[in-house]
Amino acid sequence: MKKRYWIMLAGFVLLLVAAWLIYWGMGKNTGYLWKFASVEKGEISTTVTATGTLSAVTTVQVGTQVSGTISKILVDFNDQVKKGEIIAVLDTIYLVASVRDAEASYHRNEIQVRQAKREFDRTKLLYEQKVVAEADYDLALTAYETAQSTLNSSEAALNRAKINLEYATIRSPISGVVVSRAIDVGQTVASSFNTPTLFTIAQDLTKMQVQASVDEADIGKINVDQPVVFTVDAYAGENFSGTVSQIRLLPTVVQNVVNYTVIIDVPNPDMKLLPGMTANITVTVEVVADVLKVPSVALRFTPPADYMGQADERTSGQADKRTSGRADE
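Each position in the sequence shown, counted from 1, maps to that position plus 12 in the working numbering.
Here's what the structure looks like:
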């Protein structure tokens, strides 16, 4: 019985302690930590913010003008190339056969021209001697001129076949860096009205540009040669600078908002900036110095609702006391 008694007593004490803690917690006033700021003199600036994408100033997509199978690839991603350097080679078996066929056709037409020339010379001699009729002379002349025309056509076909053979050796059109390779050895490429892209080459990554999208409400504040500061996520806390070089007149509509593309020239001597990075741009439009200023959050401050309720209760209590005092008098 004594053990059961002590257990009941301990439980009763715990209940009392819990009730006291709950009562003390509910009755405790919630404190507020207020942050104060003083009015001070300083500089205020008006800025325009936007986002854009970094890219090389000149990017060339290298394709092929002839169809065939890729037999050699001599460059890869990030390789430096020079203008005229061989970067890939197509299989030339079919193209070499086309050249030989065109050469044979050309030589055959040369023989026909010589034969037509001999026949024309004989007919001309006989015509001058009044041995053959003028119609025979005209036929011989026509045959000779036709043979010459056919020879010229076969010569053009031969040159075309040789050019196609040269096109099988794909060369870099500019000096730069290979940023994309879309083919592999053994892959078949077909030349058509839409030439397939084999490589993408950026000319000079030490000079880049940002294509920023600026809202129509802010585009009137942007001017050519305006300085720009921007950041990228890859280098947090580091600012990069550039200059507005072009404001394109073609608008783009995104979710019913009209935007204009602004081109910003950016130096990149350290090669930190890479194509495709997102740039967070800030353009300083106007700067006013030596003015009084306060934090903008102070102009939008709203006290918490529970604090305002306590203030109303205190005000109401003080008013009740003053009313009660007057009544006693």
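Virtual Cβ for every residue (Gly too), placed ideally from N, Cα, C.
For Asp230, the three-state DSSP class (helix, strand or coil): In the three-state reduction of the DSSP assignment, Asp230 falls in the coil class.
DSSP-derived helix/strand/coil call for Asn195: The residue you asked about is not Asn; residue 195 is Ile in the sequence shown. Ile195 falls in the coil class under three-state DSSP.
Heavy atom of the ligand ADP within 6 Å of Ala68 beta-carbon: Among the components modelled here there is no ligand, and therefore nothing to report on the ligand ADP.
Rounded straight-line distance, which links the Cα of Leu210 to that of Ser204: Between Ser204 and Leu210, the C-alpha separation is close to 14 Å.
Burial state of Gly80 (16 or more Cβ within 10 Å): Buried, since its Cβ has 16 or more Cβ neighbours within 10 Å.
Residues bridged to Ala291 [DSSP beta-bridge criterion]: The partner list for Ala291 (beta bridge, DSSP) reads Gly64 and Val244.
Endpoints, alpha helix (DSSP H) assigned at Gln124: Note, Gln124: alpha helix (DSSP H), Ile105 to Glu140.
Leu210 in three-state terms, based on DSSP: Shown here, Leu210 sits in a strand according to DSSP, grouped into three states.
CB of Ser257 within 7 Å of CB of Asp277, strictly: Yes, Cβ-Cβ distance for Ser257 and Asp277 is below 7 Å.
Closest by C-alpha distance to Val74, when choosing among Ser117, Glu115, Thr212 and Asn271: Comparing alpha carbon positions, the residue from Ser117, Glu115, Thr212 and Asn271 closest to Val74 is Thr212.
Alpha carbon of Asn280 to alpha carbon of Thr290, nearest angstrom: In a straight line, the C-alpha of Asn280 is about 15 Å away from that of Thr290.
Boundaries of the beta strand (DSSP E) in which Asp216 is found, first to last residue: Here Asp216 belongs to no beta strand (DSSP E), and DSSP marks it neither H nor E.
DSSP beta-bridge partners of Leu102: Bridge partners of Leu102 according to DSSP: Ile82.
Neighbourhood of Gly188 by C-beta distance below 7 Å, restricted to the same chain and skipping five residues each side: The residues are Val93, Ile213, Ala214, Gln215 and Asp216.
Rounded Cβ spacing between Ala159 and Ala128 (contact assumed at less than 8 Å): Going by Cβ atoms, the distance from Ala159 to Ala128 rounds to 4 Å, so yes, they are a contact pair.
Rounded separation between Arg183 and Asp113 - CA only: Spanning the two alpha carbons is a distance of roughly 26 Å.
Alpha-carbon spacing of Thr104 relative to Tyr179, whole angstroms: Each residue's Cα considered, the two are about 10 Å apart.
Asp150 - containing alpha helix (DSSP H), residue span: It spans Glu146 to Tyr179 - the alpha helix (DSSP H) in which Asp150 sits, taken as one unbroken run.
Leu163 beta carbon less than 7 Å from that of Val111: The answer is no: Cβ separation not under 7 Å.
Sub-7 Å separation of Ile56 and Val300 beta-carbons: Yes, they are a contact pair.
Enclosing alpha helix (DSSP H) for Val69 [first to last residue]: That residue, Val69, is in no alpha helix (DSSP H); it is neither H nor E in DSSP.
Nearest-angstrom beta carbon gap, Ile293 and Thr63 [assumed within contact, 8 Å]: About 7 Å separates the two Cβ atoms, so the contact holds.
Same chain, Cβ closer than 8 Å to Val266, five either side skipped, listed in chain order: Within the same chain, Cβ atoms closer than 8 Å to the Cβ of Val266 are found at Ser225, the five residues on either side in sequence being excluded.
Candidates Ile175, Val244 and Thr296, of which the one nearest Gly288 by Cα: Nearest option by C-alpha distance: Val244.
Same chain, Cβ closer than 6 Å to Ala155, neighbours up to 5 away in sequence not counted: Residues Ala128 of the same chain have their beta carbon placed closer than 6 Å to that of Ala155, with the five preceding and five following residues left out of the count.
Simplified DSSP assignment, three categories, for Ser308: In the structure shown, Ser308 sits in a helix (DSSP, three-state: H, G or I).
Host beta strand (DSSP E) of Phe252 (start-end): Counted as a single uninterrupted DSSP element, the beta strand (DSSP E) harbouring Phe252 occupies residues Phe252 to Val266.
Pick from Glu122, Val72 and Tyr272 that is closest to Leu170, judged by C-alpha positions: When C-alpha distances from Leu170 are compared across Glu122, Val72 and Tyr272, the shortest belongs to Glu122.
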